[in-house]
Each structure stands twice: as C-alpha cells, then as structure tokens.
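The block underneath contains the structure these notes are about, expressed in structure tokens.
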Amino acid sequence: MKKESAYERAPLWIVVVVVLSLIGAGAVALGAWKGWDLYESNRADGLEQEALDAAGQLVTNFMTTSATSVDADLARIVEGATGEFGDQFKNGQAALKETIVANKAASVGKVLSKAILHGDPVYQTDTDSAGVIVACDAQVSNVNAPDGRLLHYRVKLGLTLGGDGVWRISKLEFVG
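Once you know that position 15 of the sequence shown is 8 in my numbering, the rest is easy, because the numbers rise by one and skip nothing.
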C-alpha cells in the first residue's frame, strides 16, 4: 500500500477555497471593526457639537440678566445648572438678585467662540460630560454706568448630560 502525500489527499481547489475563505473572513472582520470605529467617532463628534451648542446658550443665559426680569433670568440660569455649580448658584441666588435690583443692573451676553477642552484633568470630556471654554462679551449697565460698558470674559465650563438628554453646567470658572 502506497502512502499518499498531503497534496494528493487535499486537492489544490480545497486549499484555495480555505485560503480565500480566511481572507474573506478577515476582510469582513476588518470592515466591521473600522465601521464601528467610524460610528463611535461620529457619535463622539455629535455629542461634542451638542455640548458646544448647549455651552453657548448656557453662557448667554448666565451673562444675560436685568433688574426688570431678574426672577425669570435667575430661574433660567438655575434650570441650566446642576452639581457643584448648581449648588453654589442656588446658595448665592438671593444675594445676586438683591445686587442686580439695587444697582438697576442689566447685562446682555454674546458668545464669541467656544471649544471643547480635550485632555484637561478637571474638565473631562466623555459620553456624558464635556469641558468647554467659551469667550464672550457682556454689555453691562447699572446706576454707576447707565450708558453701559463692554466686558470681555473667558469661561471654563464643566457640562453634564442629564438623563433627560439636556446639557447643564456642573462647574463654572472664569479664567484670565
């Protein structure tokens, strides 16, 4: 009895089919991995854009107050606040209201630019939080400056995405 070689036991077409199947499976796996990576990247970009849009509106809300609408203005700010910032703002809200009314103060905020903070140890950015820096102007008037003056600010925000899908300020810091 003659011993068969490996070539004789497995015809060439079987080897070709196996090799092509492995190459095809590898290509499918690579495509799935790259597709998932692209999906996650687009999802992260979308969340960052949502956070940027929210930051612009929240800072505008924070910078826009008036003695004539102080209750509604402060309520709007509280609605956009949570966490550490929310607690601090609520604790100081009565004194702030008193100051705004006593000085007949008015401020209108305008966002000039905003950017996500990547790699900041305090203001983390992930799927439910974002660090944002915002440059803004506020046209401010009061009893001592009835014609108003333009003030420039840079604000670092820590935003938190709530379970209701709404971004709120959890940290706020004025930077020089």
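Where is the CB? At the ideal position from N, CA and C, for every residue including glycine.
None of the values given here were measured: they were computed from a predicted structure.
Let's test the definition: count the other Cβ atoms within 10 Å of the Cβ of Arg171 and tell me whether it reaches 16, buried, or not, exposed. There is simply no residue 171 to check, as the chain begins at -6 and stops at 169 in what is shown.
Which residue marks the beginning of the alpha helix (DSSP H) containing Gln81, and which one marks its end? Per DSSP, Gln81 is one residue of the alpha helix (DSSP H) stretching across 76 to 95.
Within this structure, are the beta carbons of Thr57 and Val94 separated by less than 8 Å? Remark: C-beta atoms of Thr57 and Val94 do not approach each other more closely than 8 Å.
Buried or exposed for Gly19, please, with buried defined as at least 16 other CB atoms from any protein chain shown within 10 angstroms of its CB. Taking a 10 Å sphere around the C-beta of Gly19, we find fewer than 16 other C-beta atoms and assign the residue as exposed.
Through-space distance from Gly28 to Gly124, alpha-carbon basis: The straight-line gap from Cα to Cα measures roughly 27 Å.
Report the CB separation of Thr120 from Leu110 in whole angstroms; it is logged as a contact under 8 Å. Going by Cβ atoms, the distance from Thr120 to Leu110 rounds to 16 Å, so no, they are not a contact pair.
Run of the alpha helix (DSSP H) containing Asp130, from where it starts to where it stops: DSSP places Asp130 in no alpha helix (DSSP H) but in the uninterrupted beta strand (DSSP E) bounded by 122 to 135.
Please identify the residue among Arg142, Ala131, Leu13, Asp157 whose C-alpha is closest to the C-alpha of Asn54. Taking only the C-alpha atoms, the option nearest Asn54 is Ala131.
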